[in-house]
Amino acid sequence: MNESEKRERRTVQLAVALLLFVALIYAMTFFKLPVWLPALQ
Amino acid sequence: MTEAIAAVKRDRPPAGIMRWLTTTNHKDLGILYMSFGFIMFFIGGAFIMAVRAELLFPGLQLLAPAMYNQLFTLHALIMVFGAIMPFATGLNNYLIPLMIGAPDMALPRVNNWGFWILPFAAVLLLTPFFLQFFGVGSGATGAGWVMHNTSLDLQSGAGMDFAIFTIHLLGISSLSGAINVVVTVLNMRAPGMTLMKMPLFVWAWLITAFMLILAMPVFSAAATMLLTDRHFGTHFFDAANGGDPILLQHLIWFFGHPEVYIVLLPAWGLIPQILAAFSRKPVYGYRAQVYALWAICFLSFLVWAHHMLTSGLPLAAEVYFMYATMAISIPTSVLVFCWLGTIWRGAMTFETPMLFALGFVAHFGMGALTGLILPDVAVNAQYHNSYVIVSHFHYTFFGGGIFGMMAAAYYWLPKFTGHMFDEKLGRLHFWLTTIFFNMTFIPQWFAGLDGMPRHTADYALRFAAMNFISSVGAFLLGLSQLLLVYIVVKCVRSGPKATGQVWEDAQGLEFTLPSPPPYHTFETPPVVK
Amino acid sequence: MELAGAAIHDEPATQERHPKLPCCGIRHETASLHEERPLIKRLQLWLGAVFFLFASDPARAKSIWDFQEPVTPVARDSMAASVDFLHIIMGIYVVVFAIFAYSIFKHRKSSGAQPGTFTGPGSRRQWVLTILPFLLLIYIDYIMMGIPAFHAIAKMEDTRTAAEMTIKVTASQWKWQYEYPEENIRFVSSIATSQDQIHGRAAKGEHYLQEVDHPLVLPTGKKVRILLTSTDVIHSWWVPSFGVKRDAVPGYLREAWVKIEKPGTYRGQCAQLCGDGHAFMPIVVEAVEEPQFREWVAQKKAAGTAVAAAAEKVWSREELMAKGGEIYNRICIACHQAGGEGVPGAFPALAGSKIVNGPFLDKEGRLIKDGHLDRVMNGKPGTAMQAFKNTFSDVEVAAIVTYERNSFGNHLGDMVQPSQVKALR
Numbered sequence: 001m002n003e004s005e006k007r008e009r010r011t012v013q014l015a016v017a018l019l020l021f022v023a024l025i026y027a028m029t030f031f032k033l034p035v036w037l038p039a040l041q
Numbered sequence: 042m043t044e045a046i047a048a049v050k051r052d053r054p055p056a057g058i059m060r061w062l063t064t065t066n067h068k069d070l071g072i073l074y075m076s077f078g079f080i081m082f083f084i085g086g087a088f089i090m091a092v093r094a095e096l097l098f099p100g101l102q103l104l105a106p107a108m109y110n111q112l113f114t115l116h117a118l119i120m121v122f123g124a125i126m127p128f129a130t131g132l133n134n135y136l137i138p139l140m141i142g143a144p145d146m147a148l149p150r151v152n153n154w155g156f157w158i159l160p161f162a163a164v165l166l167l168t169p170f171f172l173q174f175f176g177v178g179s180g181a182t183g184a185g186w187v188m189h190n191t192s193l194d195l196q197s198g199a200g201m202d203f204a205i206f207t208i209h210l211l212g213i214s215s216l217s218g219a220i221n222v223v224v225t226v227l228n229m230r231a232p233g234m235t236l237m238k239m240p241l242f243v244w245a246w247l248i249t250a251f252m253l254i255l256a257m258p259v260f261s262a263a264a265t266m267l268l269t270d271r272h273f274g275t276h277f278f279d280a281a282n283g284g285d286p287i288l289l290q291h292l293i294w295f296f297g298h299p300e301v302y303i304v305l306l307p308a309w310g311l312i313p314q315i316l317a318a319f320s321r322k323p324v325y326g327y328r329a330q331v332y333a334l335w336a337i338c339f340l341s342f343l344v345w346a347h348h349m350l351t352s353g354l355p356l357a358a359e360v361y362f363m364y365a366t367m368a369i370s371i372p373t374s375v376l377v378f379c380w381l382g383t384i385w386r387g388a389m390t391f392e393t394p395m396l397f398a399l400g401f402v403a404h405f406g407m408g409a410l411t412g413l414i415l416p417d418v419a420v421n422a423q424y425h426n427s428y429v430i431v432s433h434f435h436y437t438f439f440g441g442g443i444f445g446m447m448a449a450a451y452y453w454l455p456k457f458t459g460h461m462f463d464e465k466l467g468r469l470h471f472w473l474t475t476i477f478f479n480m481t482f483i484p485q486w487f488a489g490l491d492g493m494p495r496h497t498a499d500y501a502l503r504f505a506a507m508n509f510i511s512s513v514g515a516f517l518l519g520l521s522q523l524l525l526v527y528i529v530v531k532c533v534r535s536g537p538k539a540t541g542q543v544w545e546d547a548q549g550l551e552f553t554l555p556s557p558p559p560y561h562t563f564e565t566p567p568v569v570k
Numbered sequence: 571m572e573l574a575g576a577a578i579h580d581e582p583a584t585q586e587r588h589p590k591l592p593c594c595g596i597r598h599e600t601a602s603l604h605e606e607r608p609l610i611k612r613l614q615l616w617l618g619a620v621f622f623l624f625a626s627d628p629a630r631a632k633s634i635w636d637f638q639e640p641v642t643p644v645a646r647d648s649m650a651a652s653v654d655f656l657h658i659i660m661g662i663y664v665v666v667f668a669i670f671a672y673s674i675f676k677h678r679k680s681s682g683a684q685p686g687t688f689t690g691p692g693s694r695r696q697w698v699l700t701i702l703p704f705l706l707l708i709y710i711d712y713i714m715m716g717i718p719a720f721h722a723i724a725k726m727e728d729t730r731t732a733a734e735m736t737i738k739v740t741a742s743q744w745k746w747q748y749e750y751p752e753e754n755i756r757f758v759s760s761i762a763t764s765q766d767q768i769h770g771r772a773a774k775g776e777h778y779l780q781e782v783d784h785p786l787v788l789p790t791g792k793k794v795r796i797l798l799t800s801t802d803v804i805h806s807w808w809v810p811s812f813g814v815k816r817d818a819v820p821g822y823l824r825e826a827w828v829k830i831e832k833p834g835t836y837r838g839q840c841a842q843l844c845g846d847g848h849a850f851m852p853i854v855v856e857a858v859e860e861p862q863f864r865e866w867v868a869q870k871k872a873a874g875t876a877v878a879a880a881a882e883k884v885w886s887r888e889e890l891m892a893k894g895g896e897i898y899n900r901i902c903i904a905c906h907q908a909g910g911e912g913v914p915g916a917f918p919a920l921a922g923s924k925i926v927n928g929p930f931l932d933k934e935g936r937l938i939k940d941g942h943l944d945r946v947m948n949g950k951p952g953t954a955m956q957a958f959k960n961t962f963s964d965v966e967v968a969a970i971v972t973y974e975r976n977s978f979g980n981h982l983g984d985m986v987q988p989s990q991v992k993a994l995r
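Residue numbers (this note's numbering), protein chains in the order written: chain A, 1 to 41; chain B, 42 to 570; chain C, 571 to 995.
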């Protein structure tokens, strides 16, 4: 694998990881925050 | 893949509208983003002119309260999500690849989608507003941009659903942009361009992107929950069915407070660069600024409930959010200290971008200092939801965000267009903006201290004088922005040829290129020493 | 630590707080904890000069930096803290921007300045000068402001200790209901400013938008605990002179307290965007001495008995129409408009409405679901139409329904008796 292919692969991996992170936060907001936040009431 | 590469490699873009629809070129998309932000700035401004006209005198003259609520809600949504954020995104699109020596953004097609979602989102947001004039529906949402009042959202008409879909679209657009920035900055830097050699603007945008990635999904999820509450029988927020109306405030402000820094960070990144260029000195405290920006990013996720100190949080939470909020003043003042260090013992000249950068420091300083007393919970009871807050956040958003964007626009406009702008008119624009900006927002501060609540279409007679001054200031502020249109249009069409260097002591890779830069740049990466 | 006590004590409101400002003739009437504050005095002179234009309103006998006249311990403390810290931040601003201004005038290319090349503090002395402002900032944040603020919050949130009476405030779009549980008094307070004044058809009165039909009456010198809730959306009960702004949240009970030190009329309004009538939701509190308060309670109780008795009596159509018209023009008009035409798309018309012109009782004398009387008494969930049986008396419900059925071109000719409403509750 040459340098530019490696870079391309890293780019895709990082972008997908960030996308999964976004999905995780979105899901947590739905399922966890309504349970955690009322502790602040 | 080969096709995509071929498209990127093509020397000349297709002619006409197809160039703009299909472009994956970071410079084209940067210009699209910036033009969109520029246009929305004037739409959002026109809306608030109507609001200030209503507030010129006590009594209802022009607008019914329902229309009034829609106008200030749309003003906020448009200015934050339609004007400042897209303009800052445009700057990053155009400049980040040039600043780090990359041929383009890492994900050019995603970049194209990210932009073309925006005009549709704007149309979606504004459709119900214009439909009401033809007797269709009850207008756009009038619940305020942070939708602080859940039950009100549940009651309001289809305008709210349009806003919810707009929020989802904006979320997708900003998130794709943010992921693109992170990937580009971490993977596409030219050899030798280490992280700690990157211009501060790139650092600021990298941090902004991380904040967007953490905060935006929460906002989108809150909007989805609101949607399911309204139409699919869930009860997240509906008190009548055991939901919690304060939960929405928590969710919105968990996003909303980082959002304040999402708006400001790009400006904080570019201001030291502009100050340094016109002081003919290197940036002062580069490392300190990078760490301060990270500290602000970190703290911004821990202080959200200071926006809801009157909602009846428990004592311990109030005390925590007060002390946590105070902590933000420390990294913020590191930044101000470094700006001062940057111009100190320089050899300054005062071209328009420098004037706007200094104006940014002066006004943002006022916004930051007034923010210093807001977390005091007992005093906050008097400030909260009064015109004190309106004045305070306009000093940060307009005095900080907009002044910063204007400084950037004037600084890089010759680089984008290849022409110098009319310096005399630019300075005039700065002075008019400064004078009328203060004329608009200083009286609002004192009306607030005297007890004027915000979001009201009408007010008691004791606030009449301050509102009159403020409205006149606002009209003149709005009018003087038309000068900006003239300057920009004139600069795009003609003007003295700009050199590659543009400004005598401008630093950075983008100033090693001709003005305007060729369609494709840094296809072979430059080597940074 | 001079300011540390600023927010904790309450002292009688007799001492002169700030010296007279020569430039604008302003007098501070509120209490002070410390007589001498030379730095702040000097700053005030400066800033007074800067803001001369804004500050020259001697008629109000109040500095531009002040809140409305504070009359409770919490309000006095928070105003003192606010004024102090506004001056401190203005001081910081002046110092920092004096340095900026010095640099801008001194370090310009046109005056032959040679640019430095430093990028951080170089010497030991410079490091000290760099660290110092941050230590000062931390001191201002966490000691000067943080400690008194902590005590102020603790005091503000302590609604129960030594509370001598309790009232309950229930907000709904766009009025306040006040309840004295111990006295069994309950009434609704809504805006008294006429639509003519709001729309510029009549001259605006002195208390434009800040006047109500039935003010809240409270005794002075007593710690009153205030419980807040809402029936529809979130509202916020704000009276600047009391230093109290607390949200009224549907489904929750929030608390605040006041101990009014001076008899008088104090005005405020809803501070949380709550829909179209947000600007028209004033609060007026009459603070009176204890004996007068007892007298008012007795009167109000007698009136309550009269209202209950009124529900028993048979009312004539003219009486109901007159009373209904008065209520309509005060409450219903905000949404359904003067001619009952409503606002298309937002609020339904009453003129020619199917519901208003339809039957409201079935053969057995029960409410017809979504009939006219049902709508008025129980509201329409999810809209601004609320359950008026919670805030209206039997007579008021009967009057308004009768009025609506015989106005705006509706000619049903029938009427509702208060006794019927009472039976249907």
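Glycine included, each C-beta is placed from N, C-alpha and C at the ideal position.
Per DSSP, the bridge partner or partners of residue i
| i | result |
| --- | --- |
| E856/C | V787/C and T835/C |
| C840/C | W807/C |
| V867/C | BP columns for V867/C are empty, so no partner. |
| A818/C | H805/C |
CA-to-CA distance, residue j to residue i, given in whole angstroms
| i | j | result |
| --- | --- | --- |
| V222/B | I337/B | 19 Å |
| S427/B | F278/B | 25 Å |
| Q290/B | E8/A | 41 Å |
| L103/B | A181/B | 18 Å |
| A15/A | F98/B | 53 Å |
| H604/C | S648/C | Caution applies to H604/C, whose pLDDT of 41 falls short of 50 and renders its modelled position unreliable; the model cannot decide the point. |
| D285/B | F273/B | 17 Å |
| G459/B | F79/B | 19 Å |
| K238/B | G549/B | 10 Å |
| W154/B | L166/B | 18 Å |
Nearest neighbour of residue i, chosen from the options [CA to CA]
| i | options | result |
| --- | --- | --- |
| H561/B | Q111/B, F82/B, L136/B and I220/B | L136/B |
| Y527/B | F175/B, P106/B and K465/B | K465/B |
| P820/C | E831/C, Y663/C and T801/C | T801/C |
| W790/C | L843/C, P833/C, P685/C and D984/C | The sequence as given places Thr at residue 790/C; Trp does not occur at that position. It is P833/C. |
| L356/B | S652/C, W746/C, A724/C and H677/C | A724/C |
| F21/A | A147/B, V259/B, I158/B and D194/B | V259/B |
| Q485/B | H435/B, G459/B and C532/B | H435/B |
| P127/B | P286/B, E392/B, L70/B and L148/B | L70/B |
| S977/C | E888/C, F958/C, I761/C and Y836/C | E888/C |
| A22/B | F170/B, P106/B and V226/B | Examination of residue 22/B is not possible in this model, given that chain B is present from 42 through 570 alone. |
| Q522/B | F487/B, Q548/B, H470/B and A505/B | H470/B |
| G716/C | G78/B, M363/B and P138/B | M363/B |
| V375/B | R328/B, N282/B and W385/B | R328/B |
| V226/B | Y332/B, I213/B and F251/B | F251/B |
| A683/C | L255/B, H209/B and F319/B | F319/B |
Flag this pair as touching only if the region 83-93 of chain B and the region 766-774 of chain C have three or more C-beta atom pairs under 8 Å; answer yes or no.
-> As far as the Cβ criterion goes, the region 83-93 of chain B does not touch the region 766-774 of chain C, which means the pair count is below three.
Contact set between the region 281-306 of chain B and chain A, restricted to residues whose Cβ is under 7 Å from the partner = Per Cβ criterion, the list reads D285, I287, L288, H291 and L292.
Indicate whether the contact test is met: 3 or more Cβ pairs, each with one atom in the region 938-945 of chain C and one in the region 734-754 of chain C, closer than 8 Å.
-> No, the region 938-945 of chain C does not touch the region 734-754 of chain C.
Taking Cβ-Cβ distances below 7 Å as the criterion, which residues of the region 335-364 of chain B are in contact with chain C?
-> Of all residues in the region 335-364 of chain B, T351, S352, G353, L356, E359, V360, M363 and Y364 have a Cβ within less than 7 Å of some Cβ in chain C.
Within the chosen definition, does the region 873-886 of chain C reach the region 929-938 of chain C through at least 3 CB pairs nearer than 8 Å?
-> The region 873-886 of chain C is not in contact with the region 929-938 of chain C.
Listed in chain order, which residues of the region 19-32 of chain A have Cβ atoms closer than 9 Å to some Cβ of chain B?
-> Those would be L19, F21, V22, A23, L24, I25, Y26, A27, M28, T29 and F30, in chain order.
Any residues in the region 668-693 of chain C with a beta carbon nearer than 7 Å to a beta carbon of chain B? Which ones, in chain order?
-> Hits within the stretch, in order: I669, F670, S673, I674, H677, R678, K679, A683, Q684, P685, G686, T687, T689 and G690.
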